[in-house]
């Protein structure tokens, strides 16, 4: 296994509602196939796929939200953290933890999407972000 | 929100077991802090974080595995799909769906990690992968 994740999929109960939420977050939906929403996220793909399609495809029944596999969006400044959380609330999500100081020194909060899955929004100066949005662990 | 995911975290019950699994999958653990396992995955970070730390941090209780947020590893060839599934089984995971033809035309299967979270392993010639491992939706 090379060190990569190709696609992050959220198996959703309401595809249209979830797609509208992520579009309102500023992401652009690629309409290359019905019944799935794809978003190009730098070098990876983010997908929304109905649970009723995803579960028989994998042959599993997914657990409830919030999911123990969760996502983080790292910002370029502390001020951006609150702005992204506010945008998520306006888009139909929910602020789970308002912006505040993290135990590891940064500034962060959490929102839940329309399916209840959480995203951490964080400014962590120890993990630099380049112009293309790529993030790196300290050497 | 710019189109990126910075960190994908799996909240785990057994950090050492999960970290050993992903190391046996060929990933290199960065030891920059105790109580968390980080892996650099191209331009994003993959993290394993104990559930007992992650849940109070976000202020939520995560649902059971398998998670409705799940990951895909896309391969460069069909033959690689079976090889990655076999590697996952040898590393202490479980093959959930053996390699076979996908309804969308590619070749794919699923494995579960030591926490029960599923990864799709897929060869999809419609989504090209560059030398750095970045994947792209068709234009």
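Residue numbers (the working numbering), protein chains in the order written: chain Y, 1 to 139; chain P, 1001 to 1139.
Note that beta-carbon positions come from the ideal geometry of N, C-alpha and C, so glycine has one too.
Please read these numbers as outputs of a predicted model, since none were measured by experiment.
CB contact check: residue i to chain P, cutoff 9 Å
{"i": "residue 128 of chain Y", "result": "no"}
{"i": "residue 97 of chain Y", "result": "yes"}
{"i": "residue 107 of chain Y", "result": "no"}
{"i": "residue 136 of chain Y", "result": "yes"}
{"i": "residue 92 of chain Y", "result": "no"}
{"i": "residue 101 of chain Y", "result": "no"}
{"i": "residue 20 of chain Y", "result": "no"}
Reduced DSSP category for residue i - H, G, I as helix; E, B as strand; rest coil
{"i": "residue 1093 of chain P", "result": "coil"}
{"i": "residue 76 of chain Y", "result": "coil"}
{"i": "residue 1084 of chain P", "result": "helix"}
{"i": "residue 120 of chain Y", "result": "strand"}
{"i": "residue 1049 of chain P", "result": "strand"}
{"i": "residue 137 of chain Y", "result": "coil"}
{"i": "residue 56 of chain Y", "result": "helix"}
{"i": "residue 101 of chain Y", "result": "strand"}
{"i": "residue 1020 of chain P", "result": "helix"}
C-beta neighbour in chain Y for residue i, strict 9 Å
{"i": "residue 1003 of chain P", "result": "yes"}
{"i": "residue 1017 of chain P", "result": "no"}
{"i": "residue 1009 of chain P", "result": "yes"}
{"i": "residue 1028 of chain P", "result": "yes"}
{"i": "residue 1089 of chain P", "result": "no"}
Cross-strand partners of residue i (DSSP beta bridge)
{"i": "residue 1070 of chain P", "result": "Y:9"}
{"i": "residue 110 of chain Y", "result": "Y:97 and Y:120"}
{"i": "residue 1025 of chain P", "result": "Beta-bridge pairing links residue 1025 of chain P to no other residue."}
{"i": "residue 1041 of chain P", "result": "P:1044"}
{"i": "residue 1129 of chain P", "result": "P:1135"}
Given a limit of 7 Å on CB to CB distance, which residues of the stretch 37–65 of chain Y reach chain P?
-> Answer set for the stretch 37–65 of chain Y: 38, 39, 40, 41, 42, 43, 44, 45, 46, 51, 58, 59, 60, 62, 63, 64 and 65.
_What are the residues in the stretch 1076–1087 of chain P lying within 7 Å of chain Y by C-beta distance?_
1084 and 1087
| task | Could you say if the stretch 1073–1086 of chain P and the stretch 1049–1059 of chain P meet the contact criterion of at least three C-beta pairs nearer than 8 Å? | result | no
Legend entry - the stretch 1–19 of chain Y contacting the stretch 110–125 of chain Y, beta-carbon criterion three pairs below 8 Å: yes
- Task: Report yes or no: do three or more beta-carbon pairs, one from the stretch 24–32 of chain Y and one from the stretch 96–104 of chain Y, lie closer than 8 Å?
- Result: no
Do the stretch 37–48 of chain Y and the stretch 122–131 of chain Y make contact, defined as three or more Cβ pairs closer than 8 Å? no
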